[in-house]
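Chemist: Supplied in structure tokens, the structure appears directly below.
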Amino acid sequence: MTETVHSTREIEALIPHRWPVLLVDRIIEYDADARRIVGIKGVTATEWFFQGHFPGLPVMPGVLQVEALAQTMAVYVAKQPGFGDRIGLFAGIDDCRFKRVVVPGDTLRLDITMEKLGKRFGRARAVASVDGEVACEATLSFIIPAEGVLR
224 MTETVHSTRE IEALIPHRWP VLLVDRIIEY DADARRIVGI KGVTATEWFF
274 QGHFPGLPVM PGVLQVEALA QTMAVYVAKQ PGFGDRIGLF AGIDDCRFKR
324 VVVPGDTLRL DITMEKLGKR FGRARAVASV DGEVACEATL SFIIPAEGVL
374 R
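Residue numbers for the sequence shown, in this note's numbering: 224 to 374.
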């Protein structure tokens, strides 16, 4: 079993997402020098989204896989000096591909490698996988609004 670097409670201290939208259970790797973070989402049969996607054939929606990747990226950004409690917002999703269904019982590994991180903008390569098989990959971009814009 992989060591937990940040628990769910610690993730909640870093980003504003909460149940049922919090889609990262724990962080298992964090390397500021390599600009990399890895999160884990245990996909259970009782997930709220399986009620309608799809009855009798539960498949994790691709958009929620992307959201889980984005939340993992948000944890990385929140840990950087100078970002404080500012919230990042999606600016773009490029080159997104879904290559495998994610179903109850899967453990979704959320790998983020930051390509660019400025004071107001960032971009990362994001890969979600199950047992070493890519489920979703994309390049995610975000903006950090100026202080006070969201409040």
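The beta-carbon is built from N, C-alpha and C at its ideal position, and this holds for glycine as well.
As the structure is a computational prediction, the values presented were derived from the model and not from experiment.
Does the structure place the segment 332 to 344 close enough to the segment 247 to 262 that three or more beta carbon pairs sit under 8 Å?
Modeler: yes
Chemist: Give the secondary structure of R320 by DSSP, where H, G and I count as helix, E and B as strand, and everything else as coil.
Modeler: strand
Chemist: Given that a residue counts as buried once 16 or more other Cβ atoms are within 10 Å of its Cβ, and exposed if not, what is L312?
Modeler: exposed
Chemist: Strictly by DSSP, which residues pair up with E252?
Modeler: V261
Chemist: Could you give the residue range of the alpha helix (DSSP H) that holds E360?
Modeler: Per DSSP, E360 belongs to no alpha helix (DSSP H); it is in the beta strand (DSSP E), E356 to I366.
Chemist: To the nearest angstrom, report how far apart L220 and I316 are at their CA atoms.
Modeler: Nothing can be reported for residue 220, as the shown portion of the chain is limited to 224 through 374.
Chemist: Provide the residue span of the beta strand (DSSP E) that contains A268, from first to last.
Modeler: Note, A268: premise wrong, no beta strand (DSSP E); not H, not E.
Chemist: Can you tell me which residues form a DSSP beta bridge with G345?
Modeler: L340 and F365
Chemist: With a cut-off of 8 Å on the beta carbons, I'd call A293 and R323 a contact; round off their distance for me.
Modeler: Contact doesn't hold; Cβ gap of about 19 Å is too wide.
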